[in-house]
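Q: Counting in my numbering, the sequence shown runs from 26 upward without gaps.
We put the beta carbon where it would ideally sit given N, CA and C, even for glycine.
One structure follows; several queries about it will come next.
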Amino acid sequence: IVPAEKRGKFCVAFDPLDGSSNIDCNVSVGTIFSVYEKKEGSDGTADDLLRSGADCICAGYVAYSSAVELVFTFKDKPVHGFCLDPTIGEFVHTRRHMMFPSNGGKTIYSANEGNSANWDKPIQDAITIFKDDKKPYTARYVGSMVADIHRTILYGGIYLYPADVKSPKGKLRLLYEGIPMAMIIEQAGGIASTGLFNGKIQRVLELVPEQIHDKCPIIMGSKRDVQIVYDQYKASGVAGVPAL
Numbered sequence: 026i027v028p029a030e031k032r033g034k035f036c037v038a039f040d041p042l043d044g045s046s047n048i049d050c051n052v053s054v055g056t057i058f059s060v061y062e063k064k065e066g067s068d069g070t071a072d073d074l075l076r077s078g079a080d081c082i083c084a085g086y087v088a089y090s091s092a093v094e095l096v097f098t099f100k101d102k103p104v105h106g107f108c109l110d111p112t113i114g115e116f117v118h119t120r121r122h123m124m125f126p127s128n129g130g131k132t133i134y135s136a137n138e139g140n141s142a143n144w145d146k147p148i149q150d151a152i153t154i155f156k157d158d159k160k161p162y163t164a165r166y167v168g169s170m171v172a173d174i175h176r177t178i179l180y181g182g183i184y185l186y187p188a189d190v191k192s193p194k195g196k197l198r199l200l201y202e203g204i205p206m207a208m209i210i211e212q213a214g215g216i217a218s219t220g221l222f223n224g225k226i227q228r229v230l231e232l233v234p235e236q237i238h239d240k241c242p243i244i245m246g247s248k249r250d251v252q253i254v255y256d257q258y259k260a261s262g263v264a265g266v267p268a269l
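Following this line, the structure appears as structure tokens:
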């Protein structure tokens, strides 16, 4: 128990080892976190965290690979990256004001296509467009969200882990995967959407977790590529598709 005079005013939710199933084969893994300020009068409970992304004040991730990179942002501020220099034991500011490439960047899509038979038709149609034989996108899927999102921000493209028949709420955790990554993506100039979820298309940052491990579907990437997904929803008759 922390003495009252030493208690901080922030609560942190984090995925300590994103992509942990990849550890034994030495594939990139990471850590993802979101930070909230405690509600007035609170001693620090789960209720301080069960809030929408609009209340998140800081979000970030660490990628453990050929280098250790820390990427984070504060609410409504730029995204910055830092690389660990082991010779001095410090993180060095190496990526200033990280932004998606202005033209959408490289044509890359990232999704676990093993689930494709259970996706809704607009998602299947979007993937078919990405795989068009005249000018196909490149497929890149690591299976560690940190690695896939980090590449998507730097190179461009789109990352999808949509809802499906077996997992109607998606597979990724809203509080410590969806919300922090959505905050970073949006503040880097990208789009962070749920796709069609609970009858409508929403921003991930608008969702409110009902419990710590609540899940959400994810469609994150450049405006160019998320627009392709949205166009398929419009073509299928979905109402209220947001304009990008």
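(1) Looking only at its chain, what residues have a beta carbon closer than 7 Å to the beta carbon of Asp-73, apart from the 5 residues adjacent to it on each side?
(2) Whose C-alpha, out of Ala-264, Gly-265, Tyr-255, Gly-246, is nearest the C-alpha of Met-135?
(3) Between the Cα of Asp-239 and the Cα atoms of Ile-183, Lys-31, Gly-195, Glu-231, which residue gives the shortest distance?
(4) Any heavy atom of the ligand ADP closer than 7 Å to the Cβ of Pro-161?
(5) How many Å lie between Met-206 and Lys-31 at the Cα?
(6) Decide if the segment 243 to 261 is in contact with the segment 206 to 225; the criterion is three or more beta carbon pairs, one per stretch, under 8 Å apart.
(7) List the endpoints of the continuous beta strand (DSSP E) containing Pro-41.
(8) Any idea if Ala-151 is buried or exposed, counting beta-carbon neighbours within 10 angstroms, 16 or more meaning buried?
(9) Using beta-carbon positions only, say whether Val-251 and Ile-174 come within less than 8 Å of one another.
(10) Can you check which of these residues, Ile-82, Pro-234, Ser-218, Leu-232, is closest to Ile-253 by C-alpha distance?
(11) Could you tell me which uninterrupted alpha helix (DSSP H) segments, each at least 4 residues in length, are contained entirely in the segment 170 to 233, listed from first to last along the chain?
A: This is what the structure holds:
(1) Cys-36, Tyr-61, Lys-63, Lys-64, Ser-67
(2) Per the sequence presented here, residue 135 reads as Ser, with Met not at that position. For the residues Ala-264, Gly-265, Tyr-255, Gly-246, the minimum Cα distance to Ser-135 belongs to Gly-246.
(3) Gly-195
(4) Looking for the ligand ADP in the displayed structure turns up nothing, as the structure carries no ligands at all.
(5) 30 Å
(6) yes
(7) 35 to 43
(8) buried
(9) no
(10) Ser-218
(11) 170 to 180, 204 to 212
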